[in-house]
Each structure stands twice: as structure tokens, then as C-alpha cells.
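Numbering (the working numbering) for the sequence shown: 7 to 327.
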Amino acid sequence: MGLGSTRRTVLVTGAAGFIGSHLVDRLLAEGFEVVGLDNLMTGDLGNLEDAKRDSRFHLEIGDVRETLHAYAEIIFNLACPASPVHYQSDPHATLTSSVLGAMRLVEHARSRRCRIIHASTSEVYGDPLVHPQKEDYFGNVNPIGERACYDEGKRVAETMLMDARRLHGVDARIVRIFNTYGPRMAFGDGRVVSNFLVQALENKPITIYGDGQQTRSFCYVSDLVEGLVAVARVESFDSPMNLGNPGEYTMLQLAETAMKVAGRSVELVRRPLPADDPRRRCPDITKAKAAINFTPKVPLEKGMALTCENFRSRLALRAHA
Ligand code: UDP
């Protein structure tokens, strides 16, 4: 990472999660010593099967809300439930993971001078009134709604990290991650990509919430991980930064793609739109392009096909378990 030979240990919080585990694999491939922290609230140790075979990987089962003991020069903070189904199942844990997690990281970084790459989210923009979303947009968030535990928790974490930057010179790098998908997504996370693929593969109706005209922008996980690593590498960083793929699709278009890659044609059924479900979402990644040369490469259909293959083999394993 161009950080010199003494700066070789990286801590990944939320290491057993979907994005966390891909990041761990990538960091190990680059030769880092990696400590992975996870409380397994939504993480899955199965995601770390490859990493666990590497002697440079050290797993700690623990909680980011408690004092950090591991020493690392670089910390990626990905510890928080991130899908609506998961984060709404325990709103208190969601909110405190963001807020207390950021607090612990700031305490740690102040005494140890480490670099923090903090995973924030496009949800800080809420149901945006500006399109596409640029980093200087303040957002449109319902502070008392069902998504607030996640959205407001992530907003407060950003506040805390920005104050630590201004007041104490903490090298806190905030990235706002837009919808990301790929192999290892949890089947039960209720996310649109996992729901649609499982439904298509199991020959069940695809559930379209609302009219299906709402949009999202989907970034394949390897592109996102590339961006995260690049953020850690650059010498100076101007927080916050959007990371995502600006290709924008309606949920009806995504359903078509899911059926195509699964090789199945299934019925579409309508379900009510969840509360505060954003109507449109698409990142403006001008800043990431300029600062870290961020250019997502994997087109939606290819990424969906790769994800579908992973789902197909995991579903087959589950059927034989
Ligand atoms: N969605 C859907 N069917 C599903 C799951 C989700 O139509 O089975 C919609 C959901 O209402 C939202 C979009 O897909 O508009 C993305 O939902 P997801 O939970 O994946 O992430 P979000 O971006 O809302 O956090």
C-alpha cells in the first residue's frame, strides 16, 4: 500500500461479512498481515474459509463497540449489519455498532496514529431529492423511521470521524458505499439481488416491492474492494467519498437480469413497498475517479452471472446438508 514496511498490519472489522471477507482475501493476496474482527451478528465464518488457511490471518471474535486490543496501522471499519432486514431486526445493535464503533476507532486512532477507512453508506442520502448523489448533498433522511437506526447511526459516525479529523488530525477516510453485490451475499439478508437470484434459481415467483420502477445502482464486490484498497493507499484523502457503480437500473430490469442469468422465467409478484424505500439511487463518482482513479469494470449482467453461479453451488450444498 505504499505505506512502508513497518505499516503492514491491517484490521478489518466486520471481517466475516460479505464485503469484509472479500476485502480480507484481497489484503492477504497483497501480502498483508490481517486481523479480522467480527461479533458474528450477521457475519458468517464460512466466508473466511480461504482466509483461515493463511497463517497471516488472525480471527478475533469480538465487538467493535468494545475497546480494541488489536494493533494495526490501517483499520477498515465494516462492522455493522447492512441489509434492511438485518439492521431492522435489532435497531439498537445497529445504531450502537455505528456510533460506539466509530467512537472506539477514534479513541484508538488518537493514541496510535493509525489510518481508518470507514464504511459509510449511500443511506446517508436517505430518499434523495438530488440526482445523482454527490458528496456535498446533505440528504433527505427520516430520523424516526424504520431505516433511521442505520441511516442516522451512519450519519453520526461520519460526524464523529470528521470532528476527529478536524480537531485531532485523525486520518479518518469516509467512503459512502452504494449497493454492492456478489458471491457470499447472505441468502436471508432480504436484499434485492439475493432475493431475486434465490427465487429464480428455486423456480419461485420474484417479489417486486411497489411498482418496481424504483432504481438502484449495483457495484460488483471486486470493483468495490479495489476502491477500498485504493482509498487506503493514497497519501492524502478528502472525506467523504462515494464508491459505487453509477449504472442505474429499475427493480423490474434487475428481475429480468436475474432470470436471464439463472436461465429461468418465473412469475413476478407485487408486494408492498417498504417504509421510506428510496425512489432513486445513483452515485456520482467524479470525486473517486479523480482521487483514486476508481472505475468499476464489471457490468451488471456479468456480475449477476458470477453471483448466480456462487448461489447455485451454495444452494446445492444446502440441499445436500
Ligand atoms: N426489493 C424488491 N424485492 C425484494 C427485495 C427488495 O423489489 O425482494 C426492492 C426494495 O424495495 C428496494 C430495492 O429493491 O427498492 C433494493 O432493496 P435492498 O433491500 O436490496 O437495498 P436498499 O438499497 O433498499 O438498502
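Glycine is no exception: its CB is placed at the ideal position from the N, C-alpha and C atoms. The structure presented is a predicted model; accordingly, all values stated were derived computationally and were not measured.
DSSP, reduced to helix, strand and coil, places Q205 within a helical segment of the structure shown. Counting only residues of its own chain and dropping the five nearest sequence neighbours on each side, L46 has a CB closer than 7 Å to the CB of A22 and I67. The region 224 to 243 makes no contact with the region 266 to 283: fewer than 3 CB pairs, one atom from each, lie closer than 8 Å. Cβ-Cβ separation between S89 and R14: approximately 33 Å, too far for a contact (criterion under 8 Å). The Cβ-Cβ distance between V147 and G132 falls below 8 Å. Taking C-beta separations shorter than 8 Å and ignoring five residues to either side along the sequence, the partners of V105 in its chain run G159, V162, A163 and M166, following chain order. Closest by C-alpha distance to H114, out of F82, R182 and Y93, is F82. For V16, the enclosing beta strand (DSSP E) starts and ends at T15 to T19. Between V30 and L54, the beta carbon gap of about 7 Å places them in contact (Cβ cut-off 8 Å). Counting only residues of its own chain and dropping the five nearest sequence neighbours on each side, A99 has a CB closer than 8 Å to the CB of M47 and P87. Inter-residue distance for T127 and A325 is about 34 Å (C-alpha atoms, whole angstroms). If you check the C-beta of S104 against the ligand UDP, you find no heavy atom less than 7 Å away. In the three-state DSSP reduction, I291 falls in the coil class, being neither helix nor strand. Distances from the CA of C120 to each of G250, H28, S61 and I80 were compared; the closest alpha carbon is that of I80. Burial is judged here by how many other beta carbons sit within 10 angstroms of a residue's own beta carbon; P211 has fewer than 16 and is exposed.
For A125, there is no enclosing alpha helix (DSSP H); the residue is found in the beta strand (DSSP E) stretching over R121 to T127. In the structure shown, the three-state DSSP call for E66 is strand. With contacts defined by Cβ atoms closer than 8 Å, D60 and L34 form a contacting pair. Annotation for V267: the continuous alpha helix (DSSP H) segment containing it runs M257 to A268. K266 and Q139 have their alpha carbons spaced roughly 30 Å apart.
In the DSSP secondary-structure assignment, Q139 is bridged to P289.
In the DSSP annotation of this structure, T73 is not part of any alpha helix (DSSP H), being labelled neither H nor E.
In the three-state scheme derived from DSSP, where H, G and I count as helix and E and B as strand, A322 is classed as helix. Annotation for E39: the continuous beta strand (DSSP E) segment containing it runs E39 to D44. A check of alpha carbon separations from F63 across E72, A76, R71 and V181 identifies A76 as the nearest. Considered as a whole, the region 167 to 230 harbours 198 to 207 as its complete alpha helix (DSSP H) runs of no fewer than 4 residues, in chain order. T213 has its Cβ nearer than 7 Å to a heavy atom of the ligand UDP.
Under the three-state reduction of DSSP output, I150 falls in the coil class, being neither helix nor strand. When rounded, the separation of the alpha-carbon atoms in V240 and I298 is 7 Å.
Membership of R32 in the alpha helix (DSSP H) is indicated by the continuous run F24 to A35. Of the candidates F224, S103, V176 and A125, the residue whose Cα lies closest to the Cα of T256 is F224.
C-alpha of P284 to C-alpha of P134: approximately 7 Å in a straight line.
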